[in-house]
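What follows is a single structure, written as structure tokens, with notes after it.
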Ligand SMILES: C[S@@+](CC[C@H](N)C(=O)[O-])C[C@H]1O[C@@H](n2cnc3c(N)ncnc32)[C@H](O)[C@@H]1O
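This is the structure:
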């Protein structure tokens, strides 16, 4: 069973909010519409999108960042620096606490990688849809394609290491969902969930991000940090001074051979240390599923 301790993740969520600023700004500019009065980021993490929405909307527009975890919300408060109202509420508690937190019908609600942490994802989507003004939009950033950063053959361990990490992450995700108290399966896709919530003109748009090799050393370090965090989560260990951010799992999702390969790739003293490679790149695709409240 995987149980996430969001307080441990709070600093990481803040640094993602900073490092994803360009992506958030690009998406926010495309999402906002003239006449939007209230924009909301639910499960806001470090508040990256809330900050981008506040920058993309005219002064005077209300932007609300909502999260269920106080330490995370505090990071969002610091990151958004007063441009955004930060409110504590959980998608697991139905629409009313969220309605109170927002305090007006929403023109736009954004929820990125947060609804999949709700015990009942369809109930969470229904709750969010019920908070929209007529014609308002609910945008769920969920799924896409697994990111690629490594060549298939690394010259250490079995080729295909990154694909096997994807499989392990899927298994971890399943254990996370199973470990949520009152977890309800949602055996269909996000566009169906938006439609079942009564939204119309539902569609998905996916955004590809590419940083081609050779990357700078700080960019390569970021890639190594991401892998280090995932290996830490999958093994249940704190890795190289990084908090693992969850408690209570003893499952081994990585094979001993792959784990040894990851340790070699992530060890600055190893001849295989990833950050020395000139062939690291970033190719990732994130999907945004958008539905509209009927007018
Ligand atoms: C994977 S993080 C995503 C953060 C941010 N939206 C992003 O895309 O970087 C998931 C976020 O959802 C929040 N969260 C988890 N369960 C929640 C719930 N039931 N209601 C509201 N927020 C929740 C967590 O505290 C965390 O900030």
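Numbering (this note's numbering), first residue to last: 30 to 324.
Ideal Cβ positions, reconstructed from N, Cα and C, are used throughout, including at glycine.
Just so you know, these numbers come straight off a predicted model, no measurement behind them.
Query: Near ligand 1: residue 73 beta-carbon under 7 Å from a heavy atom; Result: yes
Query: Endpoints, alpha helix (DSSP H) assigned at residue 52; Result: 50-60
Query: Straight-line Cα distance separating residue 59 from residue 184; Result: 42 Å
Query: Residues near residue 253 in its chain [Cβ-Cβ closer than 7 Å; skip 5 each side]; Result: 295, 303, 304
Query: With 16 other Cβ atoms within 10 Å as the buried cut-off, status of residue 64; Result: exposed
Query: Given 8 Å, three or more beta-carbon pairs between the region 163-182 and the region 212-229; Result: yes
Query: Coarse secondary structure for residue 277, derived from DSSP in three states; Result: Reliability fails at residue 277, whose pLDDT of 46 lies under 50, so the model's placement of it is uncertain and no value is given.
Query: Spatial distance of residue 7 from residue 266 (CA atoms); Result: This structure cannot speak to residue 7, because the chain is shown only from 30 to 324.
Query: For residue 315: DSSP bridge partner residues; Result: 173, 236
Query: Cβ shell of residue 139 (< 6 Å), same chain only, five flanking positions each side left out; Result: 70, 78, 168
Query: Straight-line gap, residue 105 to residue 297 (C-alpha atoms, nearest Å); Result: 32 Å
Query: Residue 23 beta carbon near ligand 1 (any heavy atom closer than 7 Å); Result: A query on residue 23 cannot be resolved here, the shown segment of the chain reaching from 30 to 324 and no further.
Query: Distance between beta carbons of residue 38 and residue 76, contact taken as under 8 Å; Result: Rounded, the Cβ-Cβ distance is 14 Å, inconsistent with contact.
Query: Residue 108 CB to nearest heavy atom of ligand 1 below 7 Å; Result: no
Query: Proximity test, residue 120 beta-carbon vs ligand 1 heavy atom, cut-off 7 Å; Result: yes
Query: Whether residue 93 touches residue 116 by CB criterion (8 Å); Result: yes
Query: Distance between residue 308 and residue 197 (C-alpha atoms, nearest Å); Result: 24 Å
Query: Distance cut-off 7 Å: residue 157 Cβ against heavy atoms of ligand 1; Result: no
Query: Residue from 194, 237, 232 whose Cα sits closest to the Cα of residue 263; Result: 194
Query: Among 320, 301, 158, 125, the one whose alpha carbon lies nearest that of residue 232; Result: 320
Query: Residue 139 - DSSP class collapsed to helix/strand/coil; Result: strand
Query: Residue 166 - partner residues in DSSP beta bridges; Result: 137, 321
Query: Nearest candidate by alpha-carbon position, reference residue 118, set 112, 132, 110; Result: 132
Query: Sequence-distant residues of the same chain with beta carbon closer than 6 Å to residue 283, five excluded per side; Result: 197, 263
Query: Of the residues 187, 173, 186, 191, the one placed nearest residue 179, counting alpha carbons only; Result: 191
Query: First through last residue of the beta strand (DSSP E) which encompasses residue 96; Result: 91-96
Query: Helix, strand or coil at residue 114 [DSSP, three-state]; Result: strand
Query: Residue range of the unbroken alpha helix (DSSP H) whose run includes residue 310; Result: Looking at the DSSP string, residue 310 is not in any alpha helix (DSSP H), and its letter there is neither H nor E.
Query: Beta carbon of residue 96 nearer than 8 Å to that of residue 72; Result: yes
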